[in-house]
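Visitor:
Protein chains: 2
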Amino acid sequence: MSAYRPLTASTLIDYLSSLAPMQTRLGGNSADWTAREVSDGNLNTVFIVSGPAGSVCCKQSLPYVRVDPAWAMPLERTLFEARWMQALSPAVGHQIPELYHLDEGLFLIVMENLSTHHVLRNALIAGVAPAGFAARIGEFVGHASYATSWRALAFEDVYALRDLFSRNLALTRITVDLVLTDPYRTDCPRNRWISPELDDLVESLQTDSVLHAAVERMQERFLSSSQALLHGDLHTGSVMISGDDVRVIDGEFALYGPIGFDLGMFLANLAMNAYAQPEHDDWMRDEIALLWSSFRRAYLERWEAGAQRGDMASLTRPASCAAERTRFFQQILHDCAGFAGLELIRRTIGFAQIADYEAGSNRENEIEARRRALLTGRTLIQKAFQIDTIEALLDQI
Amino acid sequence: MSAYRPLTASTLIDYLSSLAPMQTRLGGNSADWTAREVSDGNLNTVFIVSGPAGSVCCKQSLPYVRVDPAWAMPLERTLFEARWMQALSPAVGHQIPELYHLDEGLFLIVMENLSTHHVLRNALIAGVAPAGFAARIGEFVGHASYATSWRALAFEDVYALRDLFSRNLALTRITVDLVLTDPYRTDCPRNRWISPELDDLVESLQTDSVLHAAVERMQERFLSSSQALLHGDLHTGSVMISGDDVRVIDGEFALYGPIGFDLGMFLANLAMNAYAQPEHDDWMRDEIALLWSSFRRAYLERWEAGAQRGDMASLTRPASCAAERTRFFQQILHDCAGFAGLELIRRTIGFAQIADYEAGSNRENEIEARRRALLTGRTLIQKAFQIDTIEALLDQI
């Protein structure tokens, strides 16, 4: 463990050259290594270090938000990302990058470099993502959420894991504020939207007390339903894709919460892509249906196999009762619909918006896409608990 | 802090005489003090120590279950009881005993002696409890659950409190096993019932896979819904009563969980008293209705006052939306019904049964009372999520 200092390309190479496994992995002499900064997310510094034999991806926390240095942020987030990788890797295998090395003093992760992969969001915007990618994400959520739940583990083990991630306060605070609260406040300087065209609609969202009560209900679900270890920020920018190889990255927001949160967030990002690029409409609908059916199948597969059975399963044969099984997945779908609504709105008027909207060159189209996201978001949040099937959800989108 | 040793009447007096505040409270000289063992619950040793000026109640953990010394049990449970008292006392005031002193080494609590109070269960069996007592319990649950929830506190504070009590693993394991699992297992030697009269009914409960799936659903609620700090063992033996002064004691099972757990457990104990003593039927129905209406009113009062507002309330006026308010209380009632069903069954065939059943001298009546508890328990567990009003719940009882 080393003392914290923000690394540069050159000090990072010096650091890695002191680690024998990295010498082997990168090969040759450290004088032959190159480090290239590829920081892309909002929070951290990321370098790709390459040598004659291979390459690694290095991610380090900064004591502030990378895109807004005035916003202080504890360094611990990299540790939570590493713990998320360690907790999930037995259940999801190569659906996340391999963790090679963690330095808890530098708050530095060294992991598999997905050099042939592209960020899914960019691939969607460019129209080059292979159809069917959402099946892999559904499977990822199904396997991760089953393996970290009371179905798979004794409650003592679940509590230990839940408590570990409940210290992830700084990033959970970001979600509570940016996703679950700020977009509905009239006085929040972090909100922005296309004015004056969207002024009326935004004002109506920010002054609708019935909507706000429904948002509060989703806050309650986020904060008090701890079903499984979530990714916590599962949008299309947190997925890397190369043909059929789909990887989920950036687990620094990980926490215990409702399974529908991850599903809803991902689903909303597919819907927004379709709003921004209407030629993707059929495609994205197919992906959304696939996301849900693959999640359900992957979760049930583990449940029925009865692998690593916890307290929940001490009584029953795996998935023994069709009525309870239906109820269980319906409740996840309710959450999925509500959180999808929140994601649609916060990515359209909140602090962290998405590149999909700027994919076209036409202002009128962009306004129309954003308007659809806001209206659909409102409907989904309000009707969430009446949406019992994926078809009913697709009807609202 | 002292080294742990099980205290006797005489070593307890020596210990208390070393504490200046206890000298004042008990008065005179320690040679004038008397210590009387009054252990009544299943787990711990309890002494009343009296002096010329006053008296105190002393509760110490043993390294095993008091009524079953072969059952080892970590000492920490007294610490959780003390932390429960500390966490709740600002919200519930004199509805719990005052904590005078905690020795974390001896695992010893010194608290207010409720010398003029009686255990509610005994007062019910004797028919001397004053009508309306359940209003105080409803208020207690309303105030305690509001004050420890996301409505009242920022989520960071809720997580800290939740994590503290999620280390209460030994006692939570007792609940998971004795309440939520064992009674439904055919192979559990801790179960017992009146045989042969109840054999058929017990066998049907222990082999009904549809019931077991519904039990598993309640396990999921217990383990994954952390709405508020619960008492965790709120039966009529955990309540002391003296006229209108009603106190909740024995918080050692405290943990974060669904609010309906405490309500359902208490409600079931009222119902079983009515089954065992049918002349109490009207009275207990009134108490059950009062429990619910008082809970609801007390919770809403704090919500509408907007006292200590947490993240949940950052958007909305207090309790602003009638539809969401209705949904919120319905969901608590669903849980209440399901957990009441579990309590009815476990107190009738599980390890820790209740004295009410032996109040009469007639074996036929006792069998009938126990049969009603088992049948009602099964119905409540299975129909829990369709029970939307307290009247509908009373119809099933």
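As they're listed, the protein sequences go chains A and B. So in the working numbering, spot 101 of the first sequence is number 105, and the numbers just go up one at a time. So in the working numbering, spot 252 of the second sequence is number 256, and the numbers just go up one at a time. No residue lacks a Cβ here, since even glycine has one placed at the ideal position from N, Cα and C.
If we define contact as Cβ-Cβ less than 9 angstroms, is A:A217 a contact residue for chain B?
Guide: For A:A217, the answer is yes, since a Cβ of chain B falls inside 9 angstroms of its Cβ.
Visitor: Quick one: complete alpha helix (DSSP H) runs, 4+ long, within the region 200-286 of chain B?
Guide: 203-210, 213-228, 263-280, all fully within the region 200-286 of chain B.
Visitor: Which chain A residues are close to B:D167, counting only those with a beta carbon under 9 angstroms from its beta carbon?
Guide: Near B:D167 (Cβ distances below 9 angstroms), the residues of chain A are Y163, R166, D167, S170, R171.
Visitor: Check distances from the C-beta atoms of the region 65-82 of chain A to those of chain B and list, in chain order, the residues that come in under 7 angstroms.
Guide: Within the region 65-82 of chain A, no residue qualifies.
Visitor: Who are the Cβ neighbours of B:A218 in its own chain at under 8 angstroms, not counting the five residues just before and after it?
Guide: These residues qualify, in order along the chain: G342, I385, Q386, A388.
Visitor: From which residue to which residue does the beta strand (DSSP E) around B:H105 run?
Guide: Its beta strand (DSSP E) spans residues 103-107.
Visitor: Who are the Cβ neighbours of B:S43 in its own chain at under 7 angstroms, not counting the five residues just before and after it?
Guide: So the qualifying residues of the chain are T49, V50, R70.
Visitor: So is A:A232 buried or exposed if we call it buried at 16+ other beta carbons inside 10 Å?
Guide: By the 10 Å Cβ count, A:A232 comes out buried.
Visitor: Within 10 Å of its beta-carbon, does B:G255 have 16 or more other beta-carbons around it, so buried, or fewer, so exposed?
Guide: Under this definition B:G255 is a buried residue.
Visitor: Is the beta carbon of B:R87 closer than 9 angstroms to that of B:F111?
Guide: Not a contact, by the Cβ cut-off of 9 angstroms.
Visitor: Given a threshold of 16 other Cβ atoms within 10 Å of its Cβ, counted over all protein chains shown, does A:G146 qualify as buried or as exposed?
Guide: Buried, because 16 or more other Cβ atoms sit within 10 Å of the Cβ of A:G146.
Visitor: Determine, using beta carbons only, whether A:D315 comes closer than 9 angstroms to chain C.
Guide: No chain C appears in this structure, whose protein chains are A and B.
Visitor: Using a 10 Å radius around the Cβ and a threshold of 16 neighbouring Cβ atoms, would you call B:A143 buried or exposed?
Guide: Position check: residue 143 of chain B holds Glu in this sequence, whereas Ala was assumed. Buried, because 16 or more other Cβ atoms sit within 10 Å of the Cβ of B:E143.
Visitor: Could you tell me if B:P67 is buried or exposed, where buried requires 16 or more neighbouring beta carbons within 10 angstroms of its beta carbon?
Guide: Label assigned to B:P67: exposed.
Visitor: At a CB-CB cut-off below 7 angstroms, which residues of chain A make contact with B:C325?
Guide: Within chain A, the residues near B:C325 are S213, V214, A217.
Visitor: Output yes or no for whether 9 angstroms exceeds the beta carbon distance between B:A133 and B:I245.
Guide: The answer is yes: Cβ separation under 9 angstroms.
Visitor: Grab me the residues of A:I336's own chain with a C-beta within less than 6 angstroms of its C-beta, minus the 5 sequence neighbours each way, in chain order.
Guide: Excluding sequence neighbours, A:I336 sits near I263, G264.
Visitor: Could you tell me which residues DSSP puts in a beta bridge with B:H122?
Guide: Beta-bridge pairing links B:H122 to B:I245.
Visitor: Using the Cβ count rule (16 or more neighbours within 10 Å means buried), how would you classify A:P56?
Guide: So A:P56 counts as exposed.
Visitor: Using 8 angstroms for Cβ pairs, my map puts B:L348 next to B:A272. What's the rounded Cβ distance?
Guide: Confirmed, Cβ separation roughly 5 angstroms.
Visitor: As a quick exercise: from A:F137, A:A35, A:T152, pick the residue whose alpha carbon is nearest that of A:Y303.
Guide: The option with the nearest alpha carbon to A:Y303 is A:T152.
Visitor: In chain order, what residues of the same chain have a beta carbon less than 7 angstroms from the beta carbon of B:S93, not counting five sequence neighbours either side?
Guide: Excluding residues within five positions, the ones whose Cβ falls inside 7 angstroms are I100.
Visitor: Could you say if the region 274-285 of chain B and the region 354-371 of chain B meet the contact criterion of at least three C-beta pairs nearer than 8 angstroms?
Guide: Short answer: they touch.
Visitor: Per the DSSP calculation, B:T38 is bridged to which residue(s)?
Guide: Looking at the DSSP assignment, B:T38 forms a beta bridge with B:S54.
Visitor: For B:W307, would you say it is in contact with chain A, using Cβ-to-Cβ distances shorter than 9 angstroms as the test?
Guide: By this cut-off, B:W307 is not an interface position.
Visitor: Output yes if chain B places a C-beta closer than 9 angstroms to the C-beta of A:T176; else output no.
Guide: Output row for A:T176: interface = yes.
Visitor: Closest Cβ-Cβ distance between B:D291 and chain A: below 9 angstroms?
Guide: The sequence shown places Glu at residue 291 of chain B, rather than the Asp named in the question. Judged by the 9 angstroms Cβ criterion, B:E291 is not in contact with chain A.
Visitor: Where do the N-terminal and C-terminal ends of the beta strand (DSSP E) with A:V60 fall, by residue?
Guide: 59-64 is the span of the beta strand (DSSP E), which, as asked, contains A:V60.
Visitor: Suppose you measure from the CA of B:L175 to the CA of B:E308; what does that come to, to the nearest Å?
Guide: The straight-line gap from Cα to Cα measures roughly 34 angstroms.
Visitor: Taking Cβ positions only, does B:E207 come closer than 9 angstroms to chain A?
Guide: Taking Cβ atoms only, chain A never reaches closer than 9 angstroms to B:E207, which makes this a no.
Visitor: Assign B:S14 to one of two classes, buried (16 or more other C-beta atoms within 10 Å of its C-beta) or exposed (fewer than that).
Guide: Exposed, since its Cβ has fewer than 16 Cβ neighbours within 10 Å.
Visitor: Buried or exposed for B:D72, please, with buried defined as at least 16 other CB atoms from any protein chain shown within 10 angstroms of its CB.
Guide: Exposed, since its Cβ has fewer than 16 Cβ neighbours within 10 Å.
Visitor: Please work out which residues of its chain come closer than 6 angstroms, Cβ to Cβ, to B:A275, disregarding the five sequence neighbours upstream and downstream, and give them in chain order.
Guide: Once the five neighbours on either side are set aside, the close Cβ partners of B:A275 are I401.
Visitor: Compare the Cα-Cα distances from B:L259 to each of A:V250, A:L157, A:R125, A:Y163 and report the closest residue.
Guide: Nearest option by C-alpha distance: A:Y163.
Visitor: Does A:Y303 get closer than 9 angstroms to chain B when you measure Cβ to Cβ?
Guide: It does not; no Cβ of chain B falls within 9 angstroms.
Visitor: Note down, in chain order, all residues in the region 185-199 of chain A with a beta-carbon under 9 angstroms from any beta-carbon belonging to chain B.
Guide: Cβ contacts with chain B come from T185, Y188, R189.
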